[in-house]
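K.L.:
With our numbering, letter number 41 in the sequence shown gets 79, and the count goes up by one each step, no holes. By construction, the Cβ of each residue, glycine as well, lies at the ideal position given by its N, Cα and C atoms. The structure under discussion is supplied below as structure tokens; questions concerning it will follow.
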Amino acid sequence: MSRIGRLPIQIPSGVEVKINGADVAVKGPKGELALTIAEPIEASIEDGQVLVTRPNDERESRSLHGLTRTLIFNNIVGVTEGYKKSLEVVGTGYRVQAKGNSLEFALGFSHPVSFNPPEGITLAVEGQNKITISGISKQQVGETAANIRKIRPPEPYKGKGIRYEGEHVRRKAGKAGK
Numbered sequence: 039m040s041r042i043g044r045l046p047i048q049i050p051s052g053v054e055v056k057i058n059g060a061d062v063a064v065k066g067p068k069g070e071l072a073l074t075i076a077e078p079i080e081a082s083i084e085d086g087q088v089l090v091t092r093p094n095d096e097r098e099s100r101s102l103h104g105l106t107r108t109l110i111f112n113n114i115v116g117v118t119e120g121y122k123k124s125l126e127v128v129g130t131g132y133r134v135q136a137k138g139n140s141l142e143f144a145l146g147f148s149h150p151v152s153f154n155p156p157e158g159i160t161l162a163v164e165g166q167n168k169i170t171i172s173g174i175s176k177q178q179v180g181e182t183a184a185n186i187r188k189i190r191p192p193e194p195y196k197g198k199g200i201r202y203e204g205e206h207v208r209r210k211a212g213k214a215g216k
């Protein structure tokens, strides 16, 4: 049995979970999220807890069991606390600037690069080199952070580029010289 999948999910006060067949809707103080459960897995609400069950021990059912429970749990955490991810812009002359609700980057290209966030994502700039991405969907926050990092990923020789906060960039030695 899946160790994660069989754990019940406590529904905190102020959060409303509705299960309609394969659709799970979670509503909380920060917003609403919806999820469609994969075919063999079933979810139910019993005395203030969400229980995720699987009908058999086939490989597909086992792999989806823990995943489904974690996705429902992430939605509940998202509508109560939300998710945040921080990025750093590292490099001489590299900077980021907020323009309305979008960002404008100076990253050593011949032109400034602008980035517009998807719906439901909030971007905040601290100083000229820190970006904080926040939202209620863990998947959307992570994907937005990855898309921003993709504009100029950190390079291994000088470490310049956009990196996650606390990310370690493996450095290479470069040319040996004479």
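The alpha helix (DSSP H) spanning LYS56 covers which residue range?
P.N.:
If you number the sequence shown from 1, residue 56 lands on position 18. Not the alpha helix (DSSP H): LYS56 falls in the beta strand (DSSP E), residues 54-58.
K.L.:
Less than 6 Å between C-beta atoms, sequence neighbours within five positions excluded: which residues of the same chain meet that for PRO191?
P.N.:
Translated into the one-based positions of the sequence shown, residue 191 becomes position 153. For PRO191, where only same-chain residues beyond five positions count, the Cβ hits under 6 Å are GLY199.
K.L.:
Where does the unbroken alpha helix (DSSP H) through GLU181 begin, and where does it stop?
P.N.:
Position 143 of the sequence shown, counted from the first residue, corresponds to residue 181. 176-189 is the extent of the alpha helix (DSSP H) around GLU181.
K.L.:
Would you check if the distance between the CB atom of ILE79 and the CB atom of ARG97 is smaller than 8 Å?
P.N.:
Reading the sequence shown from its first residue, position 41 is the one you call residue 79. Reading the sequence shown from its first residue, position 59 is the one you call residue 97. Taking 8 Å as the Cβ cut-off, ILE79 and ARG97 do not qualify as a contacting pair.
K.L.:
Whole angstroms is fine: what's the gap from LYS107's alpha carbon to VAL53's?
P.N.:
As a first step, residue 107 must be located in the sequence shown, where it is residue number 69. As a first step, residue 53 must be located in the sequence shown, where it is residue number 15. Looking at the sequence itself, residue 107 is Arg, so the reference to Lys does not match. Each residue's Cα considered, the two are about 17 Å apart.
K.L.:
Could you check what DSSP says for LEU145 in three-state terms: helix, strand or coil?
P.N.:
By 1-based counting over the sequence shown, the position of residue 145 is 107. In the structure shown, LEU145 sits in coil (DSSP, three-state: anything other than H, G, I, E or B).
K.L.:
Let me know if GLY138 comes out buried or exposed under the rule of 16 or more other beta-carbons within 10 Å of its beta-carbon.
P.N.:
Within the sequence shown, the letter at position 100 stands for residue 138. It is exposed - the Cβ of GLY138 has fewer than 16 other Cβ atoms within 10 Å.
K.L.:
Could you tell me how far apart the beta carbons of LEU141 and SER152 are, in whole angstroms, since I believe they sit closer than 8 Å?
P.N.:
As a working note, residue 141 is residue 103 in the sequence shown. As a working note, residue 152 is residue 114 in the sequence shown. So it is a contact: roughly 7 Å between Cβ atoms.
K.L.:
Counting beta carbon pairs with one atom in the segment 70-90 and one in the segment 42-59, are three or more of them shorter than 8 Å?
P.N.:
Contact between the segment 42-59 and the segment 70-90 is present, because at least three Cβ pairs lie under 8 Å.
K.L.:
Is the distance from the Cβ of GLY86 to the Cβ of ILE57 below 8 Å?
P.N.:
Your numbering for residue 86 matches position 48 in the sequence shown. Your numbering for residue 57 matches position 19 in the sequence shown. No, the pair does not count as a contact, with Cβ atoms beyond the cut-off.
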